[in-house]
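**Q**
Protein chains: 4
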Amino acid sequence: MAKELSLAGVLPPIPTPFDAGGDVDGQALLENLEYWNAFPLCGYVVLGTNGEAALMDSAEKVHVLQIAREGIPEGRLLIAGTGCQSTRETISMTAHAARCGVDAALVLPPSYFRAQMTREALQRHYHAVADAAEIPLLIYNMPACTGLDLDLECIAGIASHARVVGIKDSGGDTAKLGALRARLGDKFAVLAGSAGFFLPALAVGAVGGVLALANIAPAQCLEIERRFRAGDVAGAADVQRRMIPANAAVTSRWSVAGLKAAMDMLGLQGGAVRPPLVPLGVQERGELESVLIRAGILSSPRRAR
Amino acid sequence: MAKELSLAGVLPPIPTPFDAGGDVDGQALLENLEYWNAFPLCGYVVLGTNGEAALMDSAEKVHVLQIAREGIPEGRLLIAGTGCQSTRETISMTAHAARCGVDAALVLPPSYFRAQMTREALQRHYHAVADAAEIPLLIYNMPACTGLDLDLECIAGIASHARVVGIKDSGGDTAKLGALRARLGDKFAVLAGSAGFFLPALAVGAVGGVLALANIAPAQCLEIERRFRAGDVAGAADVQRRMIPANAAVTSRWSVAGLKAAMDMLGLQGGAVRPPLVPLGVQERGELESVLIRAGILSSPRRAR
Amino acid sequence: MAKELSLAGVLPPIPTPFDAGGDVDGQALLENLEYWNAFPLCGYVVLGTNGEAALMDSAEKVHVLQIAREGIPEGRLLIAGTGCQSTRETISMTAHAARCGVDAALVLPPSYFRAQMTREALQRHYHAVADAAEIPLLIYNMPACTGLDLDLECIAGIASHARVVGIKDSGGDTAKLGALRARLGDKFAVLAGSAGFFLPALAVGAVGGVLALANIAPAQCLEIERRFRAGDVAGAADVQRRMIPANAAVTSRWSVAGLKAAMDMLGLQGGAVRPPLVPLGVQERGELESVLIRAGILSSPRRAR
Amino acid sequence: MAKELSLAGVLPPIPTPFDAGGDVDGQALLENLEYWNAFPLCGYVVLGTNGEAALMDSAEKVHVLQIAREGIPEGRLLIAGTGCQSTRETISMTAHAARCGVDAALVLPPSYFRAQMTREALQRHYHAVADAAEIPLLIYNMPACTGLDLDLECIAGIASHARVVGIKDSGGDTAKLGALRARLGDKFAVLAGSAGFFLPALAVGAVGGVLALANIAPAQCLEIERRFRAGDVAGAADVQRRMIPANAAVTSRWSVAGLKAAMDMLGLQGGAVRPPLVPLGVQERGELESVLIRAGILSSPRRAR
């Protein structure tokens, strides 16, 4: 069953808006979804790194999933981050997600006891979660945040479970993406985890991407894929290369704070990040604005805010 | 006020026992405390790394604190790990701890967004927690689990808050411990975070240690300190060196699973670890037993279990 | 002047054969070159990582360059690794290379004092070498061996010198390769440093690759490029993916010892590695053989040797 | 035989002075030695990290050893760094050192092919060097420069050779130093590799230290050892803690450039570093001066130079 989910295309890992008091702002989330729904995106990832899931409690997470389900139309996937440090809480969160109508769970590996997270330990964890789950699972490899970089053997071991249908890999190692495709075949969905290497990933066999940049530049991300599928690799590469600095600004450099600031600049509902994340200062906002303008994402200088 | 807490001595960071169903076993915790209470320990750290706090939910944590408070006599410190990924949840957990009668909070730095955890971000986080807290705070530097190694400047910045009274540093860099003592004076308590470098840490000015090994070898840990204070450094070094392999076995090598297995071997209530942690296999238990016997912690070979 | 070197295509970084006494075996080198010359390779890199340059002295290096120059026909590039730990020795070795008729120098960054190798220090070093050089320079980014990963700003700073005409980057970060192409334009040659990500690199604008795998699978490496240039990305990806495990075997997994063993299996002059490198054991050779057969590089099982 | 070398005490790893043309300045080296000879130092390490050996060629190294031998009186050890990337060159350099009258060789592990430097490969390398050597060997663990941190098992394996008599470990892991002493006994000399953890290292059983700081603060380094041996650990700790910032300035922070600048300030022959090392700028010299004054190493502000 699970293997039939169609993950080809572009999925933004969407931020969670917070209101002035620091609580989840469901209305703002719905407004953002309405904007994104105008683009032919494959679906959405909710409660990922950019969703600040690491900074939210369980009840808030369920609340966000309910709102997202409401704002996402038929035919678009709703994928939810459900990975927690303990196996039992991951199972519980995955069950909550299924009850909220989520199509698949994106499961970050536990990493606090990283020295103990051997291949065997990780496989046990993922298989226990998969055994208990009622929805398909995607592995979420995110070494910049977890300090763990799942290797080919580890991923292949986890993927031996029928309910594990793919991976979002943010590590940027396109040789590994190609090796995954060669080893696990086209039934296992390989998704680029960052727009910086979207085209290279497509070139070696990824079916799509979960791209933070797609929150602020959905058209450009879709254009990379469209041109690639049409055989125009040179054209795709032009867009790809133009997007790299903007992508770096909202990922490695300023992370969620950069992404939310960029959304504000574009008229979307970005808003505050949760501490310990720190909002961009005035100078950083100026730099970000320049990056977005140079990339063609923001059309003209904004007034001082 | 806060600065008057007396942190000199040995504090075991105690494990959380779980019952057959995987839930917190309060009775087992009380039995362990009864055993440890017979030794002149300075106090206890609850809900640290060895407490598997990373694998527990908030309600369970409060439950454990209530039980621990009950089992810890007057005059012994109860220190609780309260660090969470978000500032708001860390504040909330610290308030819960204060209400449970905890003497001080041990605060792990948030590390999911590690690339964004600049000195400024960490200082803001710790100061926000300290501003809201009703009990003193200790910094908990644990690079092996967080992937963040707080440096001298960062720690000094955080320690500028009156309610931040010390640090448990598990990084093993004794030069940094000496530098902290020189920079922050003897009002700021420096605690060795692992028994592997307890004597070296005392030699450069640490006042005590939060030592996983003290769960299974309290007498030996106390003996290191006693001999050191009596001026018998050579004698202290003899015990210190004998303890190093045993300490490695229950920390870096097998972590909590090793510690709990060792407790079982000694007749204490160790029990199961929570997945994704994996219990020791038969061969590993054999190796651990040998290590404990060689260290003089376990008196004779145990029968097959 | 320098910028006119045509670096498009495939360049194997060739091993240095040693004879039974452990000395350079010039005849074996010439035999290998004769084999490779039958393929439309752009040229050769001599004295790179696979050339075991790190294990050779200056006189040996000059000797190897003289032999290589003799065995490489007109119209094929001879590129030589000339990076040493000191600026003065790098200048000297680059001058030797120029006198041997080398077309360009591939310069590894000094890394012993890595904590001191700031962008400024590295730029000074490269510019001093470039100022003194009579041949164009290529930067050689090789984090797996140097522990230094030159970032975009650092590379752009070094590339501001007219004599710095390109980079071989073995780090595998294809987003960085795309960013380099966007930032520095098509006059600056970006070369993939490993066959594992050759196609992804071409897709974002690399002009070619310095590929260890091209020593044992020149036809396949050229095929990836040919299909890519012909617009057949899917076909290129098929070959690319088939090559990844073989490439890993002769690079990250077994390094030069694996590459030389593979050459022996193919009837080329591989031979011994220099200690401290350790030759493959019997079992490892068996595994390597299987990998090569599965990749279609070796046609049939070899007899026991 | 070898095991009888007495390594107890303080050994400065001395810098190599260069003249205005960038060549070795033997006279300056002799002047420095004359200054240091007035202190009861155990001996000297020549051609270590601070000797900029990584930036010198073989002939220069032999030249420096000859001069050092001349300037070092009877009864003081002359230890020479002889580690090179290849086993054969390490053997050759060790033989040269023996011919120059060096008492022991300090052998850095080869690290260019670090992924291949397994315990087995390193043991083979060290044993091959030891088999060929006519003088005792010391292992030189220097992870900050080599990117390799030799662990307990690896060191024990290497130390099984009779000619391997000790280790200089700069990693700062005092638990490992204690474990080495426990495992290998007091016939194997454990030397602290940096003054930042000299007292902690002595406390767990190190016999002495190879301390960059001893070049500029020999009296203070000796005082730490003297007080420790006299049972005055608190007094030793006072000096130890006062030295930590000064030690950091001439090691991790500014490395050899800092050490040489400090020597200039003290009237010793520091002079230029070899590129790619970069000399301290005006502001950095000011900061260094303040650090040295606060540590009591420099008695009063110097005029602008």
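Just so you know, the sequences run in chain order W, U, B and R.
Just so it is clear: in the first sequence, position 140 is 146 by the working numbering, and no numbers are missing.
Just so it is clear: in the second sequence, position 264 is 270 by the working numbering, and no numbers are missing.
Just so it is clear: in the third sequence, position 78 is 84 by the working numbering, and no numbers are missing.
Just so it is clear: in the fourth sequence, position 223 is 229 by the working numbering, and no numbers are missing.
Where a beta carbon is used, it is the ideal one built from N, C-alpha and C, also for glycine.
Using a C-beta cutoff of 8 angstroms, does residue 273 of chain W count as contacting chain U?
**A** It does not: the Cβ of residue 273 of chain W has no partner Cβ on chain U nearer than 8 angstroms.
**Q** What are the residues in the segment 12–34 of chain R lying within 7 angstroms of chain B by C-beta distance?
**A** Those residues of the segment 12–34 of chain R that come within reach of chain B (Cβ to Cβ, closer than 7 angstroms) are 28.
**Q** Give the straight-line distance between the Cα atoms of residue 183 of chain W and residue 87 of chain W, rounded to the nearest whole angstrom.
**A** The straight-line gap from Cα to Cα measures roughly 21 angstroms.
**Q** Secondary structure at residue 24 of chain W, three-state DSSP: helix, strand or coil?
**A** Three-state result, residue 24 of chain W: strand.
**Q** Under the assumption that residue 56 of chain U contacts residue 115 of chain U (Cβ atoms under 8 angstroms), give the Cβ distance between them as a whole number of angstroms.
**A** Incorrect: roughly 18 angstroms between the Cβ atoms, too far for contact.
**Q** Taking the beta carbon of residue 288 of chain R as the centre, do at least 16 other beta carbons fall within 10 Å, making it buried, or is it exposed?
**A** The residue is exposed, with fewer than 16 neighbouring Cβ atoms inside 10 Å.
**Q** Judging by CA-CA distance, which residue of R:272, R:185, R:251, R:202 is the nearest neighbour of residue 297 of chain R?
**A** Comparing Cα positions, the closest option is R:251.
**Q** Please report the distance separating the alpha-carbon of residue 16 of chain R from that of residue 201 of chain R.
**A** Each residue's Cα considered, the two are about 10 angstroms apart.
**Q** Which class does residue 31 of chain W belong to by DSSP, given the choice of helix, strand or coil?
**A** Residue 31 of chain W: coil per DSSP, three-state reduction.
**Q** For residue 123 of chain B, would you say it is in contact with chain R, using Cβ-to-Cβ distances shorter than 8 angstroms as the test?
**A** With 8 angstroms as the cut-off, residue 123 of chain B counts as an interface residue toward chain R.
**Q** Which residues does DSSP list as the beta-bridge partners of residue 63 of chain R?
**A** Beta-bridge pairing links residue 63 of chain R to no other residue.
**Q** List, in order along the chain, the chain B residues whose C-beta lies closer than 8 angstroms to that of residue 290 of chain R?
**A** By Cβ distance, chain B contributes nothing, its closest Cβ being about 12 angstroms from residue 290 of chain R, past 8 angstroms.
**Q** Tell me, please, whether the CB atom of residue 153 of chain W is closer than 8 angstroms to any CB atom in chain U?
**A** Closer than 8 angstroms: yes.
**Q** To the nearest angstrom, report how far apart residue 105 of chain W and residue 32 of chain W are at their CA atoms.
**A** Computed Cα separation, rounded: 19 angstroms.
**Q** Going along chain B in order, which residues have a C-beta closer than 9 angstroms to the C-beta of residue 205 of chain W?
**A** Within 9 angstroms Cβ-Cβ: 180, 184, 206, 209, 210.
**Q** Between R:208, R:151, R:179, which lies nearest to residue 375 of chain R when the distance is taken from Cα to Cα?
**A** Lying outside 7 to 311, the shown extent of chain R, residue 375 of chain R is not represented and no answer is given.
**Q** If we ignore side chains and look at the alpha-carbon of each, how far apart do residue 170 of chain R and residue 256 of chain W end up?
**A** When rounded, the distance between both Cα atoms is 53 angstroms.
**Q** Decide if residue 193 of chain R is buried, meaning its Cβ has at least 16 other Cβ atoms within 10 Å, or exposed.
**A** The residue is exposed, with fewer than 16 neighbouring Cβ atoms inside 10 Å.
**Q** Which class does residue 147 of chain U belong to by DSSP, given the choice of helix, strand or coil?
**A** DSSP places residue 147 of chain U in strand when its eight states are reduced to three.
**Q** Have a look at residue 41 of chain U and residue 152 of chain B and give me their C-alpha separation to the nearest angstrom.
**A** For residue 41 of chain U and residue 152 of chain B, the distance between alpha carbons rounds to 52 angstroms.
**Q** For residue 250 of chain B, go through chain W and note every residue whose CB falls closer than 8 angstroms to its CB, in chain order.
**A** Near residue 250 of chain B (Cβ distances below 8 angstroms), the residues of chain W are 181, 184, 185, 188.
**Q** For residue 306 of chain B, which residues in the same chain have their Cβ closer than 8 angstroms to its Cβ, ignoring the five residues on either side in sequence?
**A** So the qualifying residues of the chain are 299.
**Q** Applying the 10 Å Cβ sphere with the 16-neighbour rule, what's the burial state of residue 239 of chain W?
**A** With 16 or more other Cβ atoms within 10 Å, it is buried.
**Q** Within 8 angstroms of any Cβ in chain R, is that where the Cβ of residue 169 of chain B sits?
**A** Taking Cβ atoms only, chain R never reaches closer than 8 angstroms to residue 169 of chain B, which makes this a no.
**Q** For a contact defined as C-beta to C-beta under 8 angstroms, what are the partners of residue 247 of chain B on chain W?
**A** Simply 184, 185, 187, 188, 210, 211.
**Q** Would you say residue 150 of chain W lies against chain B (beta-carbon separation less than 8 angstroms)?
**A** No - not a single Cβ of chain B is within 8 angstroms of the one on residue 150 of chain W.
**Q** Which bits of chain C does residue 239 of chain W rub up against, with CB to CB less than 7 angstroms?
**A** Checking the listed chains, one finds no chain C in this structure; the protein chains it contains are W, U, B and R.
**Q** First and last residue of the alpha helix (DSSP H) that includes residue 270 of chain W?
**A** Element bounds for residue 270 of chain W: 261–271.
**Q** Hey, how far is the Cα of residue 22 of chain R from the Cα of residue 185 of chain U?
**A** The straight-line gap from Cα to Cα measures roughly 29 angstroms.
**Q** Taking the beta carbon of residue 301 of chain B as the centre, do at least 16 other beta carbons fall within 10 Å, making it buried, or is it exposed?
**A** Residue 301 of chain B comes out buried.
**Q** Using only the alpha-carbon positions, how far apart do residue 310 of chain B and residue 138 of chain W sit?
**A** Summary for residue 310 of chain B: the model assigns pLDDT 46, below 50, so the residue's position carries little reliability; its value from the coordinates is reported in the next sentence. Each residue's alpha carbon lies about 49 angstroms from the other.
**Q** Check this for me: beta carbons of residue 294 of chain U and residue 278 of chain U, under 8 angstroms apart or not?
**A** Not a contact, by the Cβ cut-off of 8 angstroms.
**Q** Please name the residue or residues paired with residue 172 of chain B in a DSSP beta bridge.
**A** DSSP, once it has assigned bridges, lists B:144, B:195 as partnering residue 172 of chain B.
**Q** Note down the Cα distance separating residue 261 of chain B from residue 271 of chain W, rounded to an integer number of angstroms.
**A** Straight-line Cα distance between these residues: approximately 49 angstroms.
**Q** With H, G and I counted as helix, E and B as strand and the rest as coil, what does DSSP make of residue 54 of chain B?
**A** It is coil, neither helix nor strand.
**Q** In terms of residues, what are the limits of the beta strand (DSSP E) holding residue 83 of chain B?
**A** It spans 83–87 - the beta strand (DSSP E) in which residue 83 of chain B sits, taken as one unbroken run.
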